[in-house]
Amino acid sequence: MRIPKYLSPTSLHLFMDSPEDFYMRYLCDTRQVRDPQTKPMSIGSSFDAYCKSYLFYALFGNKIKGSPYELDTIFETQVEPHNRDWAREHGKIVFGEYRSSGCVADLMLELNQSIGDPRFELSIQDSIETSIGEVPILGKPDVFFINSKGARVVYDWKVNGYCANRTTSPMKGYVKLKTRKNGSWDWKQHRDCVSLQFKGITINAATFLEDCNSSWADQLAIYSWLLGEPIGSEEVIFGIDQIVGPADKLRFAQHRLRIRPEYHYNLLELLVHIWDCIQKRHIFQDMSIEDSRNRCELLEEYAATIIEQSPEDKAKFNFIPE
13 MRIPKYLSPT SLHLFMDSPE DFYMRYLCDT RQVRDPQTKP MSIGSSFDAY CKSYLFYALF
73 GNKIKGSPYE LDTIFETQVE PHNRDWAREH GKIVFGEYRS SGCVADLMLE LNQSIGDPRF
133 ELSIQDSIET SIGEVPILGK PDVFFINSKG ARVVYDWKVN GYCANRTTSP MKGYVKLKTR
193 KNGSWDWKQH RDCVSLQFKG ITINAATFLE DCNSSWADQL AIYSWLLGEP IGSEEVIFGI
253 DQIVGPADKL RFAQHRLRIR PEYHYNLLEL LVHIWDCIQK RHIFQDMSIE DSRNRCELLE
313 EYAATIIEQS PEDKAKFNFI PE
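The numbering of the sequence shown is my numbering, which starts it at 13 and goes up by one.
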């Protein structure tokens, strides 16, 4: 069994959903292959590249030389080769509609309130001091800034349902939902949203992100820690711009919410628990430690058999990184 270099929101959720899959993916001595990036995954990565590159150069121009935010640089880092032609075309379509709807202008108004340079992150790895020592974590936040009124803001983008055959509903609680009607963009607020100006940002004060989508709350809370925010801080606003629907029916839901302090603390306890299980080599908590380790040995044997494939088969996949 190997020890991973870090935990991430993705690995946390996999541990909770399936300890066996978690072991195979992150702990197994025999490295497993991963499935190729799908089209739904690639459209999110492509849109992310278009958006980050545009915002970065709109804010900073060309004053930062050798920037990692060139469109092609981000795009080729995030989108696997077999998807690039399709994803480049469709990412451009989605970003064009996102900009046309006024969402980019809304973001620029918020980013221009920043008292320092907004941070556009690709990947951050750090450790958190806990009751069992340091727990290493990794995250990939999209945008972070502090505005002139002291709001500390973490933003992320989500693309849902672009390749679906039917309409995808946005997460509830949005402060704005933008929809194209008769050639122009209209917007409305979710019926359960109670809008409030909180330190210069309009948020939904009626609920919290974890009540709407706990997976997204886990992800953004961890991002805020990696960006240096105190665990449990009530000063952080978590924003998600959610793109839903296929190309001809795109809608844009803007979410601005907070996360309860106790949710942060419980999330940290969960990360500590997972890291402790790894350190003690007791992955399957519903078994004795001896039975758990025996189960791991069986998984190691299984992993060694499925990895034995022809060079042609291996070439179709990328090995899972550390």
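Backbone N, C-alpha and C fix where the C-beta goes; we use that ideal spot for every residue, glycine too.
- In this structure, DSSP gives E92 a state outside helix and strand, which the three-state scheme calls coil.
- Taking I301 as the centre and dropping the five residues before and after it, the same chain places the C-beta of K292, R293 and H294 closer than 8 Å to its C-beta, in chain order.
- Here L279 has D230 and A233 as same chain residues with Cβ atoms under 7 Å from its own Cβ, once five neighbours each way along the sequence are excluded.
- Secondary structure note for Q291: its alpha helix (DSSP H) is the uninterrupted segment P273 to K292.
- From the listed residues H25, H202, I255 and S227, the smallest Cα separation to A176 is found for I255.
- Beta-bridge partners of P148 (DSSP): S139.
- The Cβ atoms of L19 and I149 sit closer than 8 Å to each other.
- Nearest to S54 by alpha-carbon distance, out of K211, E222 and N172, is N172.
- Going by beta carbons, S57 and V91 fall inside the 8 Å limit.
- Just so you know, the alpha carbons of Y314 and S207 end up roughly 53 Å apart.
- For F34, the uninterrupted alpha helix (DSSP H) segment begins and ends at P31 to F34.
- Following the DSSP letters along the chain, one finds T179 in no alpha helix (DSSP H), marked with neither H nor E.
- With a 10 Å radius around the Cβ and a threshold of 16 neighbouring Cβ atoms, A117 comes out exposed.
- If you draw a straight line from the Cα of I290 to the Cα of Y277, it comes to about 20 Å.
- Ranked by Cα distance from I252, the first of D84, K211, V284 and M183 is M183.
- Boundaries for F220: no alpha helix (DSSP H) harbours it, and the DSSP string shows neither H nor E there.
- In this structure the region 235 to 253 lies against the region 152 to 165, because at least three pairs of beta carbons, one per stretch, are closer than 8 Å.
- Contact check for Y38 against S23 passes: the beta carbons are separated by less than 8 Å.
- Non-local beta-carbon contacts of N225 in its own chain, meaning distances under 7 Å to residues more than five positions away in sequence, involve M183 in chain order.
- With a 10 Å radius around the Cβ and a threshold of 16 neighbouring Cβ atoms, N74 comes out exposed.
- Under the DSSP assignment, L310 falls in the alpha helix (DSSP H) whose first and last residues are I301 to I318.
- Here H285 is exposed, its C-beta having fewer than 16 other C-beta atoms within 10 Å.
- A residue is called buried when at least 16 other Cβ atoms come within 10 angstroms of its Cβ; I318 does not meet this threshold and is exposed.
- Rounded to whole angstroms, the separation of the alpha carbons of C308 and Y110 is 47 Å.
- Judged by DSSP in its simplified three-state form, K161 adopts coil rather than helix or strand.
- Per DSSP, the continuous alpha helix (DSSP H) segment holding L67 begins and ends at K51 to F72.
- For S207, the pairing in a beta bridge is given by DSSP as N216.
- About 13 Å separates the beta carbon of F157 from that of F68, a gap too long to meet the 8 Å contact definition.
- In the structure shown, the three-state DSSP call for R111 is helix.
- DSSP places K17 in the coil class of the three-state scheme, outside both helix and strand.
- Contact fails between the region 269 to 276 and the region 120 to 139, because fewer than three Cβ pairs, one in each stretch, are under 8 Å apart.
- Between the alpha carbons of Y81 and G185 lies a gap of roughly 32 Å.
- V147 sits close to L283, with the two beta carbons spaced by under 8 Å.
- Note on geometry: alpha-carbon atoms of K190 and V248 lie some 25 Å from one another.
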